[in-house]
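K.L.:
The following block contains the structure, expressed as structure tokens.
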Amino acid sequence: MRATRAFLKTMDEWPLSQAATNFLVGSEFGHVIEGEVVASASGETMALYDPATGLEFARCAAGGVEDVDRAVRSARQAFEDGRWRNLDAQEKERRLRRLSVLLGQSRDLLSDLDVLDGGVVQAYSAFIVQFGIDTVDYYSGWPTKLHGSMPAAPHDVVVQQVREPVGVCAVISPWNGPSAAPCGIVPALACGNSVVLKPAEQTPLTAIVVAKLCLEAGIPPGVVNVVHGVGEIVGAALVAHPQVDAISFTGSGETGRRIQAAAAPTLKRLSMELGGKSPQIVFDDADLDAAAATITGAAWGHSGQVCTAGTRVLIQRGIHDELVAAMVEKSRSIKIGSGFRADTQMGPLISQEQLDRVSRYVGLGRAEGAHVALGGARQGDAGYFHQPTIFTGVDNRMTIAREEIFGPVMSVIPFDTEEEAIAIANDTEYGLAAGVWTRDLSRAHRASQALRVGTVWVNTYQRVNPSIPYGGVKQSGYGRSLGAASIDHYTELKSVWLKIR
Ligand code: NAI
Ligand code: MG
1406 MRATRAFLKT
1416 MDEWPLSQAA
1426 TNFLVGSEFG
1436 HVIEGEVVAS
1446 ASGETMALYD
1456 PATGLEFARC
1466 AAGGVEDVDR
1476 AVRSARQAFE
1486 DGRWRNLDAQ
1496 EKERRLRRLS
1506 VLLGQSRDLL
1516 SDLDVLDGGV
1526 VQAYSAFIVQ
1536 FGIDTVDYYS
1546 GWPTKLHGSM
1556 PAAPHDVVVQ
1566 QVREPVGVCA
1576 VISPWNGPSA
1586 APCGIVPALA
1596 CGNSVVLKPA
1606 EQTPLTAIVV
1616 AKLCLEAGIP
1626 PGVVNVVHGV
1636 GEIVGAALVA
1646 HPQVDAISFT
1656 GSGETGRRIQ
1666 AAAAPTLKRL
1676 SMELGGKSPQ
1686 IVFDDADLDA
1696 AAATITGAAW
1706 GHSGQVCTAG
1716 TRVLIQRGIH
1726 DELVAAMVEK
1736 SRSIKIGSGF
1746 RADTQMGPLI
1756 SQEQLDRVSR
1766 YVGLGRAEGA
1776 HVALGGARQG
1786 DAGYFHQPTI
1796 FTGVDNRMTI
1806 AREEIFGPVM
1816 SVIPFDTEEE
1826 AIAIANDTEY
1836 GLAAGVWTRD
1846 LSRAHRASQA
1856 LRVGTVWVNT
1866 YQRVNPSIPY
1876 GGVKQSGYGR
1886 SLGAASIDHY
1896 TELKSVWLKI
1906 R
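Each residue of the sequence shown is one higher than the one before, starting from 1406 at the first, in the working numbering.
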């Protein structure tokens, strides 16, 4: 359940921080249940791969139904006996603030682990780690501000509207932002809930670190549990478990739909953050330098494996050739490689499966008649690298414009009028986000009103902040995370009627 011998021999080749080296040599990669790092009941493990080399570097516990049941019972017991829920709000805040400090002291460790199992580049992992810290900072202020209210009521009664935690909350995470784990669990904790986190099977390591830091910060054992393993077993067992009250899922639409169906018998509260096919609409009055830089950044960031990646670039015909040329120029010299090399700008895809998926879509784009203006092939023959790829002459009906590819593939679609641009942008089953590039204020507002998405960015893209709600509409999911929206998701309102004699 630790780093493999072969990996330890080659570890000198990676510029790992001392903290990461110590973790890899000295830690068990197990579930975290009732405050203990434990192996699976069955003893089963799963391989972890470095996406930059394709080599197995460690094995981690792979859970089953029994491990899920242990973790859920631990979380339920912690919730029922109130060891966290009934702690004074001030004390909850103190401990969450301590968690933020500890996360800050573990930056190198978290960042290195993201690079190692997630294939993330350092700039991106640093951003994710910081976003996790910012989110803990934000929610650490909530416990003392949570309050109920007294709604208008008949004069012979007093009614209190009380806000209470939901109970045991399961968080099922994807592999594309592993160190963002605190963002998933801290809103639930701030409301007094207990949590079972199921990290993606490709990227389980940072969850172990975060769970240990929660303990060190004084969040009692059993309040934050982690169970590793494949989704079809561990995720499915969490969804089916009668003692789990709520599920927060981030991942593919296909799995989201499966979870929604599987959650029906136990009527769980769900929130779904699914994928997207987000449009970037560039009008002919836009700042083209800014647009070219931001749009390419948002398409190649984490090799396109980001749910808000702006993969459909709609360009007004008069500036089409100029903007495409600028984007090709900016993307041509991108340095592709392992995140452990300081000058790397784009890392690998997460897995062979993901590389195959991207290659299949690039083949489909060619077959459907789109033109490859840049890239179009995998890079090298070791690791899961793919070139940044720009398709021009794309019709919005083509498969590459309709399905989430989740790789560094951009589809450029020309348009003539504003109405046409909005129609194309909304002609998708997804509704996560959109970008609008224009200097015309009225047009910016018109477009923002007309776009059916959860987030519109005007003259910027992919900005996130813990106080600003985030999520999608249509097949991109429902429910909002971050800001006060997460507080609503993780609390129930209870009405208490008291008759006045
Ligand atoms: P996935 O949606 O299947 O996996 C996400 C999480 O759900 C993982 O923790 C996984 O173990 C879990 N899971 C899988 N099946 C489950 C089930 N039946 N019940 C409960 N939990 C389950 O995503 P996957 O297979 O890793 O990637 C496939 C595609 O999904 C990608 O190519 C990409 O297009 C999309 N995706 C989108 C993400 C986003 O943020 N929008 C994130 C990850 C994947
Ligand atoms: Mg899957």
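For glycine and all other residues, C-beta sits at the position ideal for the given N, C-alpha and C.
#1: Should Tyr1883 and Met1677 be called a contact, given that it needs their Cβ atoms to be closer than 7 Å?
#2: Does ligand 2 have even one heavy atom less than 6 Å from the beta-carbon of Thr1608?
#3: Mind checking who Asp1455 pairs with in its DSSP beta bridge?
#4: Let me check you understand the geometry: is the CB of Thr1660 closer than 6 Å to at least one non-hydrogen atom of ligand 2?
#5: State the DSSP-derived secondary structure class of Leu1675, mapped to helix, strand or coil.
#6: Can you confirm whether the region 1551–1565 touches the region 1776–1791 when touching is taken to mean that 3 or more C-beta pairs between the two stretches lie within less than 8 Å?
#7: Please report the straight-line C-alpha distance between Trp1902 and Gly1553, rounded to a whole angstrom.
#8: For Val1473, collect the residues of the same chain with a Cβ closer than 7 Å to its Cβ; drop the 5 residues on either side in sequence, then sort them by chain order.
#9: Is the CB-CB distance between Val1525 and Asp1519 below 7 Å?
#10: Is the closest heavy atom of ligand 1 to the C-beta of Gly1971 under 6 Å?
#11: When the Cα atoms are used, what is the spatial distance from Gly1582 to Ala1830?
#12: Could you check whether the Cβ of Phe1811 sits closer than 6 Å to any heavy atom belonging to ligand 1?
#13: On the three-pair Cβ rule with 8 Å, is the region 1798–1812 touching the region 1709–1720?
#14: List, from N- to C-terminal side, the alpha helix (DSSP H) runs of 4 residues or more that fit wholly inside the region 1508–1540.
#15: Rounded to a whole number of angstroms, what is the C-alpha to C-alpha distance between Leu1693 and Leu1728?
#16: Which same chain residues, not among the five before or five after Val1615, have their C-beta less than 7 Å away from its C-beta?
#17: Return yes when at least one heavy atom of ligand 1 lies under 6 Å from the C-beta of Cys1712, else no.
#18: Nearest by alpha-carbon distance to Ser1511: which of Gly1440, Val1562 and Ile1613 is it?
#19: Tyr1529 to Leu1754, Cα distance in whole Å?
#20: Consult DSSP for Lys1603 and reduce its assignment to one of helix, strand or coil.
#21: Going by the C-beta, is Pro1579 closer than 6 Å to any heavy atom of ligand 1?
#22: What does the Cβ neighbour count give for Ile1905, buried or exposed, with the cut at 16 atoms within 10 Å?
#23: May I ask whether a heavy atom of ligand 1 can be found less than 6 Å away from the beta carbon of Gly1589?
#24: Report yes or no: do the region 1459–1477 and the region 1491–1500 share at least 3 C-beta pairs separated by less than 8 Å?
#25: Which residues does DSSP pair with Thr1450 in a beta bridge?
#26: Just confirm the distance between the C-beta atoms of Gly1859 and Gly1876, as a whole number of angstroms; I'd bet it's less than 8 Å.
#27: Measuring alpha carbon to alpha carbon, tell me which of Cys1619, His1436, Asn1870 and Asn1864 ends up nearest Asp1689.
#28: Quick check: Gln1767 and Thr1797, are their CB atoms within less than 7 Å of each other?
#29: For Ala1575, which beta-bridge partners are listed by DSSP?
P.N.:
Straight from the coordinates:
#1: Against the sequence shown, residue 1883 aligns to sequence position 478. Against the sequence shown, residue 1677 aligns to sequence position 272. Against a cut-off of 7 Å, the Cβ pair of Met1677 and Tyr1883 comes out as a contact.
#2: As a working note, residue 1608 is residue 203 in the sequence shown. For ligand 2, not one heavy atom lies less than 6 Å from the Cβ of Thr1608.
#3: Locating residue 1455 in the sequence shown gives position 50, where the first residue counts as 1. The partner list for Asp1455 (beta bridge, DSSP) reads Leu1460.
#4: For the purposes of this step, residue 1660 is taken as residue 255 along the sequence shown, with counting starting at 1. Thr1660 Cβ: within cutoff of ligand 2.
#5: Mapped onto the sequence shown, residue 1675 falls at position 270. Three-state DSSP puts Leu1675 in a strand.
#6: no
#7: Here residue 1902 refers to the residue found at position 497 when the sequence shown is read from its first residue. Here residue 1553 refers to the residue found at position 148 when the sequence shown is read from its first residue. The straight-line gap from Cα to Cα measures roughly 14 Å.
#8: Indexing the sequence shown from 1 puts residue 1473 at position 68. The residues are Val1632, Val1639, Ala1642, Leu1643 and His1646.
#9: In the sequence shown, residue 1525 corresponds to position 120, counting from 1. In the sequence shown, residue 1519 corresponds to position 114, counting from 1. Going by C-beta atoms, Val1525 is nearer than 7 Å to Asp1519.
#10: What is shown of the chain runs 1406 to 1906, which leaves residue 1971 out entirely.
#11: Within the sequence shown, residue 1582 is the residue found at index 177, counting from 1. Within the sequence shown, residue 1830 is the residue found at index 425, counting from 1. Their Cα atoms are separated by approximately 26 Å.
#12: Position 406 of the sequence shown, counting from 1, holds the residue named residue 1811. Yes, the beta carbon of Phe1811 sits closer than 6 Å to at least one heavy atom of ligand 1.
#13: Judged by pairs of C-beta atoms under 8 Å, the region 1798–1812 touches the region 1709–1720, as three or more such pairs exist.
#14: Listed in chain order, the complete alpha helix (DSSP H) runs (minimum 4 residues) inside the region 1508–1540 are 1512–1523.
#15: For the purposes of this step, residue 1693 is identified with residue 288 of the sequence shown, where counting begins at 1. For the purposes of this step, residue 1728 is identified with residue 323 of the sequence shown, where counting begins at 1. Looking at the two C-alpha atoms, the distance is approximately 7 Å.
#16: Within the sequence shown, residue 1615 is the residue found at index 210, counting from 1. Around Val1615: Ala1586 and Pro1587.
#17: Stepping through the sequence shown from its first residue, residue 1712 is reached at position 307. Under cutoff, so the answer is yes.
#18: Taking the first residue of the sequence shown as position 1, residue 1511 is located at position 106. If we check each option's Cα against that of Ser1511, Ile1613 comes out closest.
#19: As a first step, residue 1529 must be located in the sequence shown, where it is residue number 124. As a first step, residue 1754 must be located in the sequence shown, where it is residue number 349. Tyr1529 and Leu1754: Cα-Cα distance of roughly 14 Å.
#20: Residue mapping note: residue 1603 aligns to position 198 of the sequence shown, counting from 1. Note: Lys1603 maps to strand in three-state DSSP.
#21: Within the sequence shown, numbered from 1, the residue matching residue 1579 stands at position 174. Checking the Cβ of Pro1579 against ligand 1 gives yes.
#22: Residue 1905 sits at position 500 when you count from the first residue of the sequence shown. Around the CB of Ile1905, fewer than 16 other CB atoms lie within 10 Å, so the residue is classed as exposed.
#23: Translated into the one-based positions of the sequence shown, residue 1589 becomes position 184. Gly1589: no, Cβ never under 6 Å from ligand 1.
#24: no
#25: Position 45 of the sequence shown, counted from the start, is the residue given in the question as residue 1450. Its beta-bridge partners are Ala1466.
#26: Within the sequence shown, residue 1859 is the residue found at index 454, counting from 1. Within the sequence shown, residue 1876 is the residue found at index 471, counting from 1. Yes, they are in contact, since the Cβ atoms of Gly1859 and Gly1876 sit about 5 Å apart, within 8 Å.
#27: If you number the sequence shown from 1, residue 1689 lands on position 284. Selected option, being the one with the closest Cα: Asn1864.
#28: The residue given as residue 1767 occupies position 362 in the sequence shown. The residue given as residue 1797 occupies position 392 in the sequence shown. It should be noted that the sequence gives Val, not Gln, for residue 1767. Contact flag unset, no.
#29: Against the sequence shown, residue 1575 aligns to sequence position 170. Paired residue(s): Val1601 and Ile1652.
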